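Comments concern the structure below.
Residue numbers (my numbering): 75 to 338.
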């Protein structure tokens, strides 16, 4: 069996992933039909639209890691089901999905997930290891760019402002996830990108403190000046991608359907 044939047989989107995609599409159509209505039913559907879209992006993030690992020699990712985009196959549901969704609810931050086990011993070459780590956040960036193009080209009126604000907020989340994940902090993909080039003693020490470093990073994001500086960078990037900051702000406010919001 050729590599192409083997890859095609391994990459089969699971029914679970297709269900989430279907939920994303159907809720998006429902939000579109609400036009400019910001009543409670419309806001709840917007919430479903953004969360399902966010879960789709998390699946694509993890698939990016697994795909490049497969191409680099790790066939175990296929047997583990990582190439099916099934979120139930990931080794840590809490880290990859539950925690990111919780941070999404609390602060509108696209927390990076990370729970596909890569057999690094099956992969040769430092560049390949770096590309595997980079593939996840690059998937988020690609998603953000696609959404930015859609917004730039099609969001030319406010007749469907509810939908466009939701899409802008979803794109914003992709950028936050990518930026956070590219930080060279142990436990994040940014560290995985540079890790092959570091002394092994440094890597061993970093792995010992990786979990604590990640928690410390999350805590720092709640500090006012750091939080403002971080989001200033995010908004600068979203502007470059054509993602309207005003639409993003409105989308975030409407997303929290359990809170009253004044858009006057």
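In this text, a Cβ means the ideal position worked out from N, Cα and C, and glycines have one as well.
Model, not experiment: these values are computed from the prediction.
Measure the CB-CB distance between residue 318 and residue 244 and report whether it falls below 8 Å.
-> Here residue 318 is taken as the residue at index 244 of the chain shown, counted from 1. Here residue 244 is taken as the residue at index 170 of the chain shown, counted from 1. Going by C-beta atoms, residue 318 is not nearer than 8 Å to residue 244.
Between the Cα of residue 251 and those of 332, 135, 161, spot the shortest distance and give me the residue it belongs to.
-> Looking up residue 251 in the chain shown gives position 177. Answer by Cα proximity: 135.
Top-ranked residue by Cα proximity to residue 159, from 146, 190, 173 | Here residue 159 refers to the residue found at position 85 of the chain shown. Ranking 146, 190, 173 by Cα distance to residue 159 puts 190 first.
To the nearest whole angstrom, what separates the beta carbons of residue 247 and residue 128, a pair I think is in contact under 8 Å?
-> For the purposes of this step, residue 247 is taken as residue 173 along the chain shown, with counting starting at 1. For the purposes of this step, residue 128 is taken as residue 54 along the chain shown, with counting starting at 1. With a Cβ gap of about 6 Å, residue 247 and residue 128 count as contacting.
If we ignore side chains and look at the alpha-carbon of each, how far apart do residue 133 and residue 156 end up?
-> Taking the first residue of the chain shown as position 1, residue 133 is located at position 59. Taking the first residue of the chain shown as position 1, residue 156 is located at position 82. About 9 Å.
Shortest alpha-carbon distance to residue 205 belongs to which of 111, 195, 260, 267?
-> For the purposes of this step, residue 205 is taken as residue 131 along the chain shown, with counting starting at 1. Selected option, being the one with the closest Cα: 267.
Using 10 angstroms around the beta-carbon of residue 320, count the other beta-carbons present and answer buried if the total reaches 16, otherwise exposed.
-> To locate residue 320, count along the chain shown from 1; it is residue 246. With fewer than 16 Cβ atoms within 10 Å of its Cβ, residue 320 is classed as exposed.
Would you call the CB atoms of residue 283 and residue 258 closer than 8 Å?
-> For the purposes of this step, residue 283 is identified with residue 209 of the chain shown, where counting begins at 1. For the purposes of this step, residue 258 is identified with residue 184 of the chain shown, where counting begins at 1. In this structure, residue 258 does not lie closer than 8 Å to residue 283 by Cβ.
Check residue 108 in the structure and name its three-state DSSP category.
-> Indexing the chain shown from 1 puts residue 108 at position 34. In the structure shown, residue 108 sits in a helix (DSSP, three-state: H, G or I).
Determine the DSSP secondary structure at residue 338, reduced to helix, strand or coil.
-> Locating residue 338 in the chain shown gives position 264, where the first residue counts as 1. Because residue 338 carries a pLDDT of 49, less than 50, the predicted location of this residue cannot be relied on, and the following value inherits that uncertainty. Residue state, collapsed to three classes: coil.
Inter-residue Cα distance where the pair is residue 332 and residue 102 = Counting from one through the chain shown, the residue named residue 332 turns up at place 258. Counting from one through the chain shown, the residue named residue 102 turns up at place 28. So the alpha carbons of these two residues sit roughly 19 Å apart.
Nearest CA to the CA of residue 96: which residue from 110, 281, 124, 311?
-> Numbered from its first residue, the chain shown carries residue 96 at position 22. Cα-wise, what sits closest to residue 96 is 124.
Could you tell me the boundaries of the alpha helix (DSSP H) in which residue 308 lies?
-> Within the chain shown, numbered from 1, the residue matching residue 308 stands at position 234. Its alpha helix (DSSP H) spans residues 298–314.
By Cβ distance, which residues of its chain are closer than 6 Å to residue 217, with the 5 residues on each side in sequence left out?
-> Residue numbering aside, residue 217 sits at position 143 when the chain shown is read from its first letter. Here the set comprises 131, 248.
Nearest to residue 109 by alpha carbon, out of 293, 240, 253?
-> Sequence index remark: in the chain shown, residue 109 carries index 35 (1-based). Closest by alpha carbon: 240.
How far does the alpha helix (DSSP H) with residue 211 in it reach, from first residue to last?
-> If you number the chain shown from 1, residue 211 lands on position 137. Unbroken alpha helix (DSSP H) run through residue 211: 200–228.
For the 8 Å Cβ check, are there 3 or more pairs between the segment 279–298 and the segment 221–235?
-> no
Residue 223 versus residue 242: straight-line alpha-carbon distance, rounded | What you label residue 223 is simply residue 149 of the chain shown in a count that begins at 1. What you label residue 242 is simply residue 168 of the chain shown in a count that begins at 1. Computed Cα separation, rounded: 11 Å.
Please report how far the alpha carbon of residue 107 lies from the alpha carbon of residue 92, in whole angstroms.
-> Here residue 107 corresponds to residue number 33 of the chain shown, with the count starting at 1. Here residue 92 corresponds to residue number 18 of the chain shown, with the count starting at 1. Near 23 Å, if we compare the C-alpha coordinates of residue 92 and residue 107.
So, helix, strand or coil for residue 114, using DSSP?
-> The residue given as residue 114 occupies position 40 in the chain shown. If DSSP states are grouped into helix, strand and coil, residue 114 belongs with the helices.
Would you mind reading off the limits of the alpha helix (DSSP H) that contains residue 322?
-> For the purposes of this step, residue 322 is taken as residue 248 along the chain shown, with counting starting at 1. Segment 319–329, the alpha helix (DSSP H) holding residue 322.
In three-state terms, what does DSSP make of residue 234?
-> Mapped onto the chain shown, residue 234 falls at position 160. Note: residue 234 maps to coil in three-state DSSP.
Distance CB(residue 150)-CB(residue 202) smaller than 8 Å = For the purposes of this step, residue 150 is identified with residue 76 of the chain shown, where counting begins at 1. For the purposes of this step, residue 202 is identified with residue 128 of the chain shown, where counting begins at 1. No, they are not a contact pair.
Could you pull out every residue in the same chain whose Cβ sits closer than 8 Å to the Cβ of residue 338, ignoring the five residues on either side in sequence?
-> On the chain shown, residue 338 is found 264 positions in, with the first residue counted as 1. Legend: pLDDT at residue 338 = 49, less than 50; position of this residue unreliable, value from coordinates given subsequently. Same-chain partners within the cutoff: there are none.
Same chain only: Cβ atoms within 6 Å of residue 137, ignoring 5 sequence neighbours per side | As a first step, residue 137 must be located in the chain shown, where it is residue number 63. Here the set comprises 159.
Would DSSP call residue 286 helix, strand or coil?
-> Within the chain shown, residue 286 is the residue found at index 212, counting from 1. Helix at residue 286.
Taking the Cβ atom as the reference point for each residue, do residue 193 and residue 263 lie within a distance shorter than 8 Å?
-> Numbered from its first residue, the chain shown carries residue 193 at position 119. Numbered from its first residue, the chain shown carries residue 263 at position 189. It is not a contact, given that the beta carbons lie outside the stated cut-off.
In the DSSP assignment, find the alpha helix (DSSP H) that holds residue 148 and state where it starts and stops.
-> Position 74 of the chain shown, counted from the first residue, corresponds to residue 148. That residue, residue 148, is in no alpha helix (DSSP H); it is neither H nor E in DSSP.
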